[in-house]
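K.L.:
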Amino acid sequence: MAPTSHTTQQNSMTPRYLSIASLFKPAMELRFHRPWSYSLKLSSDCDEMAMRHAIVVALVLAGVAAAPVGAVTFSAKNAASSTAGGKRFDREVGTAYARKVLSDASSCCWKVFKQPSSGSRKPVAAVTLAVEDIDGVAFTSGDGIHLSAKYVGGITGDVKKEVTGVLYHETTHVWQWNGQGRANGGLIEGIADYVRLKAGYAPGHWVKPGQGDRWDQGYDVTARFLDYCDSLKPGFVAQLNAKMKGGYSDAFFAQILGKNVQQLWKDYKKKYGG
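Heads up: the sequence shown runs through residues 1412 to 1685, numbered per the working numbering.
#1: According to the Cβ coordinates, are Asn-1489 and Val-1538 closer than 8 angstroms?
#2: Leaving out five residues before and five after Ala-1651 in sequence, what residues of the same chain have Cβ atoms less than 7 angstroms from its Cβ?
#3: Looking only at its chain, what residues have a beta carbon closer than 6 angstroms to the beta carbon of Asp-1631, apart from the 5 residues adjacent to it on each side?
#4: Tell me which residue opens and which closes the beta strand (DSSP E) that Ile-1556 is part of.
#5: Taking just the CA atoms, how far does Asp-1627 sit from Gly-1716?
#6: Going by beta-carbon coordinates alone, are Ile-1556 and Thr-1583 separated by less than 8 angstroms?
#7: Per DSSP, which one or two residues make a beta bridge with Leu-1540?
#8: Is it buried or exposed for Ala-1536, if we count other Cβ within 10 angstroms and need 16 for buried?
#9: Closest to Val-1483 by C-alpha separation, out of Ala-1594, Tyr-1508 and Asp-1554, would be which residue?
#10: Can you say whether Ser-1518 is buried or exposed, counting buried as having 16 or more other CB atoms within 10 angstroms of its CB?
#11: Going by DSSP, what residue range makes up the alpha helix (DSSP H) through Asn-1652?
#12: If we count the other Cβ atoms within 10 Å of its Cβ and call it buried at 16 or more, is Tyr-1679 buried or exposed?
#13: Whose C-beta lies closer than 6 angstroms to the C-beta of Lys-1511 among residues of the same chain, with five residues either side of it excluded?
#14: Would you identify the three-state DSSP class for Leu-1608, choosing helix, strand or coil?
#15: Please give me, in chain order, every unbroken run of the beta strand (DSSP E) with length at least 3 that falls completely inside the stretch 1608-1632.
#16: Roughly how many angstroms separate the alpha carbons of Tyr-1562 and Asp-1501, rounded to a whole number?
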């Protein structure tokens, strides 16, 4: 299937209630035939910025002229459309929806990492998705996400929701800092699952809070631990990610929270009876 793409403006964070006109920067030239007075009520952790993108796309499709500045392009293609998993992807997910997820997931990352402007983020101009006939689940290299059609073909339950969760995880890898390659791999994967958790796409098979053997076990175990750390000091994950721009040390935990990571893990386990 040929690649498809759309461009979404990187906007700053907004209040819980938005007016449609407030979604756009002054640098964007808009012409409305009458005032906009509608408002939207936003509920989940990552809905605010995601809703901006959906409205921008809707208005562009409706013929409203806009000239985005500092835009990120999102694209998706199915290179395995002849396989059983690729056909299932087209039938139950689709590239148009996948593009939207890449956009929404990017917005969620910027919110979790507290990066309202493009200058505070990694310099990424485009995020791409390719559905391919590969093993495993998915992987990210640079700004490119590769999703296994074989995995999609074997999903039981809600395919669309599971793929959405996987794409939130992989999109986080595009935007997160990795400590110049020195960060613990379990922490990197844990942060990606933390974003998935905050977006509301944690699957039922994940461990419960307090479970796991090590804080850096990775994925859902580390995501739950990071959620605990963030409850001690809201914005902890954002601060940790910011520190990881130039390198990595376990001492970052003590610098932010006043306790070393091993003590934090003990406190976490004790809280949940572990």
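A virtual CB, placed ideally from N, CA and C, is assigned to each residue, including glycine.
P.N.:
For this structure:
#1: As a first step, residue 1489 is located in the sequence shown; it is residue number 78 there, counting from the start. As a first step, residue 1538 is located in the sequence shown; it is residue number 127 there, counting from the start. In this structure, Val-1538 does not lie closer than 8 angstroms to Asn-1489 by Cβ.
#2: Here residue 1651 refers to the residue found at position 240 when the sequence shown is read from its first residue. Before going on, a small fix: residue 1651 reads as Leu here, not Ala. Correct list, in chain order: Phe-1663 and Ile-1667.
#3: Residue numbering aside, residue 1631 sits at position 220 when the sequence shown is read from its first letter. Excluding residues within five positions, the ones whose Cβ falls inside 6 angstroms are Asp-1604, Trp-1617 and Val-1618.
#4: Within the sequence shown, the letter at position 145 stands for residue 1556. Counting along the chain, the beta strand (DSSP E) containing Ile-1556 begins and ends at 1555-1559.
#5: Since the displayed the chain opens at 1412 and closes at 1685, residue 1716 lies outside it and no answer follows.
#6: Residue numbering aside, residue 1556 sits at position 145 when the sequence shown is read from its first letter. Residue numbering aside, residue 1583 sits at position 172 when the sequence shown is read from its first letter. For Ile-1556 and Thr-1583, no; Cβs fall outside 8 angstroms.
#7: Counting from 1 along the sequence shown, the entry for residue 1540 is found at position 129. According to DSSP, Leu-1540 bridges with Ala-1487 and Ile-1556.
#8: One-based indexing of the sequence shown puts residue 1536 at position 125. Counting Cβ neighbours within 10 Å, Ala-1536 comes out exposed, since fewer than 16 surround it.
#9: The residue you call residue 1483 lines up with position 72 of the sequence shown. Of Ala-1594, Tyr-1508 and Asp-1554, the residue nearest in Cα terms is Asp-1554.
#10: Locating residue 1518 in the sequence shown gives position 107, counting from the first residue. Buried, by the Cβ-count rule.
#11: Taking the sequence shown and counting its residues from 1, the one referred to as residue 1652 is at position 241. Run containing Asn-1652: 1647-1654, per the alpha helix (DSSP H) assignment.
#12: Position 268 of the sequence shown holds residue 1679. Buried: at least 16 other Cβ atoms inside 10 Å.
#13: Here the question's residue 1511 lines up with position 100 in the sequence shown. Answer for Lys-1511: no residue qualifies.
#14: Position 197 of the sequence shown, counted from the start, is the residue given in the question as residue 1608. In this structure, Leu-1608 counts as helix in the three-state DSSP scheme.
#15: none
#16: Here the question's residue 1562 lines up with position 151 in the sequence shown. Here the question's residue 1501 lines up with position 90 in the sequence shown. The straight-line gap from Cα to Cα measures roughly 14 angstroms.
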